[in-house]
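A.B. asks: Residue numbers (the working numbering): 216 to 875. In this text, a Cβ means the ideal position worked out from N, Cα and C, and glycines have one as well. Take this structure, written in structure tokens, and hold onto it; I'll ask about it next.
In structure tokens:
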């Protein structure tokens with residue numbers, strides 16, 4: 216990872232984000248305490264004082280939220296350092312987390328579950344903690360991506376080794392919401408895995424915005440990075456459903472995927488026009504359709520950002536930037552087609568049919584009374600339609616400038632203002648260059664332009680298999696046998712004596728080998744060996760990873776001396792899951808995940824048997840075949856109250872399912 220003390224622009228932003236998260240946490244706690252006191256007291260004077268305090272706290276939270284939004288729109292820090300004249304792209308900030316100490320929980324679990332000396336695994340635990348700490352400040356390149364993916368894959372091993380489905384081992388993970396700053400705290404490793412995936416996608420967006428958009432290679436890398444970011448976020452949405460953090464909710468992830476694909480589409484358009492746009496009929500037709508496609512995808516992004524429940528927490532400046540880009544690129548489309556009509560009159564040697572076909576593909580319909588071929592041939596009609604497109608382009612440019620001026624955060628981005636102003640002036644100049652005529656006689660309205668593209672933009676699924684990682688806790692044995700789901704007896708020492716060269720049992724399996732066909736009257740059975748036992752050591756030498764031939768070879772190497780074996784027996788693991796998961800989540804909206812946290816408010820008739828409460832994080836049936844671990848909430852809770860209080864984004868939920 217990067218040096219966390221480095222004074223780079225990106226590190227300063229992340230440090231500011233961490234400070235804001237702590238301030239939001241304190242304010243939320245104060246608000247929660249005031250709300251509890253308001254519910255508990257009947258003294259009117261106390262109620263007045265509490266209401267006054269609540270108004271101050273709410274104002275403070277609103278200010279902190281605006282400051283966090285300012286960090287999310289600080290796009291200049293992430294752009295390429297080279298001088299550029301392009302509209303900035305929006306990256307995602309990395310989710311912040313608290314330190315986690317794996318030492319005691321993992322050492323206790325190794326001793327209790329695996330019956331091994333936990334002091335032998337101190338280096339492995341330290342490596343895991345170092346890797347997690349490095350992942351908090353990943354470098355903004357492929358090495359940083361590889362490190363995050365290696366930690367994500369390592370968590371798969373850790374989950375299988377140390378997190379049994381029947382209980383928690385006492386490791387508490389805390390991650391802060393990227394948009395609200397509200398912390399979510401759980402003992403479930405799935406929160407850690409989902410948050411790391413989010414940061415992988417966020418780092419891809421930062422890599423994409425950092426690419427040099429003045430070169431062909433830079434734009435290709437930017438397109439690739441945004442497609443990969445969309446792929447990771449889409450994988451997160453499909454694999455970890457109903458996560459308890461708002462920035463990873465399905466609705467929010469759906470918007471973020473759309474935004475990343477739109478930015479990839481924007482880079483494709485810049486790539487096409489990088490070498491310059493020739494003022495030629497068919498070239499301009501192609502550019503018109505491509506830029507209209509960019510405008511269309513940003514319209515969809517803006518629409519998605521203004522839908523509930525995303526609208527309340529998506530940064531306001533992001534929504535306005537999407538609206539500005541949709542207007543800007545639609546204006547460019549009308550400018551290009553106006554240039555076609557105004558600058559390219561039909562010449563005797565031109566192919567009329569090809570030009571008519573190309574121009575017809577730009578329109579869903581032409582204005583009443585006009586025919587495409589007639590427009591191409593008639594100079595007056597051609598100029599009138601061209602000026603209509605220019606007027607529409609100017610309207611879109613002015614709307615983009617107006618929206619930009621209304622948003623304080625966007626108003627301060629100089630390059631955005633420069634690009635919008637330059638495009639507006641170019642359209643005004645083009646309009647002024649046309650021959651003066653009585654515009655009152657021209658009632659033609661410019662038709663909408665049909666978007667079309669020859670370049671396919673789609674999500675690129677994460678390629679986890681390309682990153683090779685080694686299980687830190689490889690010494691515990693093969694994961695198929697030595698996992699948290701399996702339980703065994705403590706290792707037993709069996710002393711074997713040769714009986715006419717026979718052991719009295721056979722070995723089978725891969726690693727570790729298993730005893731079978733045990734003669735019940737042999738000396739091994741008398742010494743305590745059982746059918747189905749796993750051999751983990753021969754003569755003090757670990758053999759968990761050895762096959763049958765290697766184990767037999769070790770036995771033969773002892774000669775006529777008694778053979779000391781260490782064996783374990785598998786125990787029955789048919790245990791039920793806990794009915795609840797310890798969860799601490801502040802201010803998460805009920806709309807997508809926290810409805811089950813109010814289960815303790817349900818009034819259960821004491822004369823009736825209370826139904827079992829479903830776990831906050833349970834195995835999803837829909838995605839069980841897709842992924843080994845799935846965050847999934849129950850869709851309904853038996854006996855739940857119909858009248859629940861509406862939760863605000865910063866409400867502290869005091870339930871027995873929450874930890875503080």
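When the Cβ atoms of the segment 371 to 381 are set against those of the segment 413 to 423, are three or more pairs found closer than 8 angstroms?
C.D. replies: no
A.B. asks: Would a C-beta distance cut-off of 8 angstroms place residue 477 and residue 506 closer than the cut-off?
C.D. replies: Here residue 477 refers to the residue found at position 262 of the chain shown. Here residue 506 refers to the residue found at position 291 of the chain shown. No; because the gap between Cβ atoms is not below 8 angstroms, this pair is not in contact.
A.B. asks: To the nearest angstrom, report how far apart residue 725 and residue 349 are at their CA atoms.
C.D. replies: Counting from one through the chain shown, the residue named residue 725 turns up at place 510. Counting from one through the chain shown, the residue named residue 349 turns up at place 134. CA-to-CA, the gap between residue 725 and residue 349 works out to about 36 angstroms.
A.B. asks: When DSSP labels each residue in this structure, what does residue 738 get in the three-state scheme?
C.D. replies: For the purposes of this step, residue 738 is identified with residue 523 of the chain shown, where counting begins at 1. Residue 738 falls in the helix class under three-state DSSP.
A.B. asks: Quick check: what's the CA-CA separation for residue 537 versus residue 462?
C.D. replies: As a first step, residue 537 must be located in the chain shown, where it is residue number 322. As a first step, residue 462 must be located in the chain shown, where it is residue number 247. Roughly 19 angstroms between the two C-alpha positions.
A.B. asks: With three or more C-beta pairs closer than 8 angstroms as the rule, is the segment 433 to 440 touching the segment 486 to 497?
C.D. replies: yes
A.B. asks: Starting from residue 730, follow the beta strand (DSSP E) in both directions and report where the run begins and ends.
C.D. replies: Here the question's residue 730 lines up with position 515 in the chain shown. Looking at the DSSP string, the run of the beta strand (DSSP E) that includes residue 730 is 729 to 731.
A.B. asks: How would you call residue 542, buried or exposed, if buried means at least 16 neighbouring beta carbons within 10 angstroms?
C.D. replies: Residue 542 sits at position 327 when you count from the first residue of the chain shown. Looking at its Cβ environment, which holds 16 or more other Cβ atoms inside 10 Å, residue 542 is buried.
A.B. asks: Contact between the segment 362 to 370 and the segment 670 to 679 is defined here as three or more beta-carbon pairs at a separation below 8 angstroms; is this criterion met?
C.D. replies: yes
A.B. asks: May I have the straight-line CA-CA distance separating residue 814 from residue 277, to the nearest angstrom?
C.D. replies: One-based indexing of the chain shown puts residue 814 at position 599. One-based indexing of the chain shown puts residue 277 at position 62. Confidence is the limiting factor: at residue 814 the pLDDT is only 37, short of 50, which leaves the residue's position unreliable, though a coordinate-based value still follows. Rounded to the nearest angstrom, the two C-alpha atoms are 29 angstroms apart.
A.B. asks: Rounding to the nearest angstrom, what Cα-Cα distance links residue 330 and residue 358 in this structure?
C.D. replies: As a first step, residue 330 is located in the chain shown; it is residue number 115 there, counting from the start. As a first step, residue 358 is located in the chain shown; it is residue number 143 there, counting from the start. For residue 330 and residue 358, the distance between alpha carbons rounds to 37 angstroms.
A.B. asks: Residue 417 to residue 306, Cα distance in whole Å?
C.D. replies: Residue 417 sits at position 202 when you count from the first residue of the chain shown. Residue 306 sits at position 91 when you count from the first residue of the chain shown. Between residue 417 and residue 306, the C-alpha separation is close to 7 angstroms.
A.B. asks: What would DSSP say about residue 797, mapped onto helix, strand or coil?
C.D. replies: Here residue 797 refers to the residue found at position 582 when the chain shown is read from its first residue. Here the model assigns residue 797 a pLDDT of 36, short of 50, so the residue's position is not dependable, and the following value carries that caveat. Residue state, collapsed to three classes: coil.
A.B. asks: Does residue 550 pass the burial test, meaning 16 or more other C-beta atoms within 10 Å, or should it be called exposed?
C.D. replies: Along the chain shown, one-based indexing puts residue 550 at 335. Result: buried.
A.B. asks: Tell me, which residues are paired with residue 756 by DSSP?
C.D. replies: In the chain shown, the residue the question calls residue 756 occupies position 541. Answer by DSSP bridge pairing, in chain order: 753.
A.B. asks: Taking just the CA atoms, how far does residue 781 sit from residue 740?
C.D. replies: As a first step, residue 740 is located in the chain shown; it is residue number 525 there, counting from the start. As a first step, residue 781 is located in the chain shown; it is residue number 566 there, counting from the start. Approximately 14 angstroms, taken between the alpha carbons.
A.B. asks: Here's the rule I'm using: 16 or more other beta-carbon atoms within 10 Å means buried, otherwise exposed. How should residue 731 be labelled?
C.D. replies: Position 516 of the chain shown, counted from the first residue, corresponds to residue 731. Exposed, because fewer than 16 other Cβ atoms sit within 10 Å of the Cβ of residue 731.
A.B. asks: Can you tell me which of the three DSSP states residue 710 falls into?
C.D. replies: Taking the chain shown and counting its residues from 1, the one referred to as residue 710 is at position 495. Three-state DSSP puts residue 710 in a strand.
A.B. asks: Between which residues of its own chain and residue 750 is the CB-CB distance below 8 angstroms, once the five residues before and five after are set aside?
C.D. replies: Taking the first residue of the chain shown as position 1, residue 750 is located at position 535. Cβ neighbours of residue 750 beyond the five flanking positions: 722, 727, 728, 729, 730, 758, 766, 780, 781, 782.
A.B. asks: Considering only the alpha carbon of each residue, which of 231, 320, 397, 481 lies closest to residue 670?
C.D. replies: Mapped onto the chain shown, residue 670 falls at position 455. The option with the nearest alpha carbon to residue 670 is 481.
A.B. asks: With burial defined as no fewer than 16 other Cβ atoms inside 10 Å of the residue's Cβ, what is the status of residue 705: buried or exposed?
C.D. replies: Looking up residue 705 in the chain shown gives position 490. Exposed, because fewer than 16 other Cβ atoms sit within 10 Å of the Cβ of residue 705.
A.B. asks: What did DSSP end up calling residue 721 once you bin it into helix, strand or coil?
C.D. replies: By one-based count along the chain shown, residue 721 stands at place 506. Three-state DSSP puts residue 721 in a strand.
A.B. asks: Within 10 angstroms of the Cβ of residue 460, are there 16 or more other Cβ atoms? Answer buried if so, exposed if not.
C.D. replies: For the purposes of this step, residue 460 is taken as the residue at position 245 of the chain shown. Buried, because 16 or more other Cβ atoms sit within 10 Å of the Cβ of residue 460.
A.B. asks: Within a Cβ cutoff of 8 angstroms, which residues of the same chain sit near residue 249, ignoring the five residues on either side of it in sequence?
C.D. replies: Walking along the chain shown from the start, residue 249 turns up at place 34. Around residue 249: 265, 268, 269, 272.
A.B. asks: Counting Cβ pairs closer than 8 angstroms, one from the segment 229 to 244 and one from the segment 393 to 410, do we hit at least three?
C.D. replies: yes
A.B. asks: Under 8 angstroms, do residue 784 and residue 748 count as touching if we go by C-beta distance?
C.D. replies: Residue 784 sits at position 569 when you count from the first residue of the chain shown. Residue 748 sits at position 533 when you count from the first residue of the chain shown. Contact flag set, yes.
A.B. asks: Name the two residues that bound the continuous beta strand (DSSP E) containing residue 780.
C.D. replies: For this step, residue 780 is matched to residue 565 along the chain shown. Looking at the DSSP string, the run of the beta strand (DSSP E) that includes residue 780 is 778 to 783.
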